[in-house]
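In our numbering, the protein residues as written are 3 to 164. Have a look at the structure below before the remarks.
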């Protein structure tokens with residue numbers, strides 16, 4: 003049994019892959035889940051400053067390794083990480099706010115993507131912000147870890163407990 007801790011379940015998307023109004027539904031900051039709005043989605047697509055970004059397998063591996071290294075450097079307890087083609091999930095116990103934790107992980111991932119041998123060098127890698135859920139007990143922490151590790155398709159081979 004895990005000791006009682008607070009952790010964060012953090013998710014962010016790659017640029018242009020999940021726009022406001024999206025047909026799959028979407029989240030409005032501080033207002034929760036929203037229904038599809040095709041006109042809003044079309045308008046947002048027109049406003050994009052570049053192409054939508056999809057992570058290649060090598061990019062996904064780089065992002066996961068960047069997150070592991072950053073957590074180790076900061077002394078954070080990384081519980082689970084899973085970089086998908088269009089989003090990233092992280093479960094972490096950190097001494098920073100969830101937003102600061104997310105922003106540091108995103109920034110370090112971007113830096114490492116630009117430094118890898120087959121660089122992902124695009125004007126915008128990620129959508130602004132991301133979802134930060136505070137996990138207040140063991141059951142929530144274990145549930146988030148299970149979702150990140152076991153409930154995603156097509157693993158790249160490193161999407162496991164650190």
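Here a beta-carbon is modelled for each residue, glycine too, at the ideal position from N, C-alpha and C. Just so it is clear, the structure is predicted and the values come from calculations on it, not from any experiment.
_Using a 10 Å radius around the Cβ and a threshold of 16 neighbouring Cβ atoms, would you call residue 55 buried or exposed?_
Position 53 of the chain shown holds residue 55. Residue 55 sits buried, since 16 or more C-beta atoms from the chains shown fall within 10 Å of its C-beta.
*asked:* Can you look up residue 14 in the DSSP assignment and give me helix, strand or coil?
replied: For the purposes of this step, residue 14 is identified with residue 12 of the chain shown, where counting begins at 1. Reduced to three states, the DSSP call for residue 14 is strand.
*Report yes or no: do the region 17-29 and the region 147-154 share at least 3 C-beta pairs separated by less than 8 Å?*
Not touching, per the Cβ criterion.
*Under 6 Å Cβ to Cβ from residue 84, same chain only, skipping five residues before and after it: list those, please.*
The sequence position of residue 84 within the chain shown is 82, counting from 1. So the list reads 91, 150, 154, 161, once near-sequence residues are dropped.
*Complete beta strand (DSSP E) runs within the region 25-59 (minimum length 3 residues, chain order)*: Taken in chain order, the whole beta strand (DSSP E) runs of length 3 or more contained in the region 25-59 are 28-30, 34-36.
_I'd like to know if the region 43-51 and the region 9-24 are in contact, where contact means that at least 3 CB-CB pairs between them fall below 8 Å._
The region 43-51 is in contact with the region 9-24.
*Which of helix, strand or coil DSSP assigns to residue 130*: By one-based count along the chain shown, residue 130 stands at place 128. Shown here, residue 130 sits in coil according to DSSP, grouped into three states, outside any helix or strand.
_If distances are taken between C-alpha atoms only, which option among 124, 102, 11, 35 comes closest to residue 1?_
One cannot answer for residue 1 here, as it falls past the ends of the chain, which runs 3 to 164.
*Can you tell me whether DSSP reads residue 124 as helix, strand or coil?*
If you number the chain shown from 1, residue 124 lands on position 122. DSSP places residue 124 in coil when its eight states are reduced to three.
*At 3 residues or longer, and completely inside the region 58-119: list those beta strand (DSSP E) runs for me, N to C.*
Fully enclosed beta strand (DSSP E) runs of 3 or longer: 79-85, 89-95.
*Just how far apart, CA to CA, sit residue 3 and residue 11?*
Within the chain shown, numbered from 1, the residue matching residue 3 stands at position 1. Within the chain shown, numbered from 1, the residue matching residue 11 stands at position 9. Unreliable placement is indicated for residue 3, whose pLDDT of 42 sits below 50; the coordinate value is still reported in the next sentence. Approximately 19 Å, taken between the alpha carbons.
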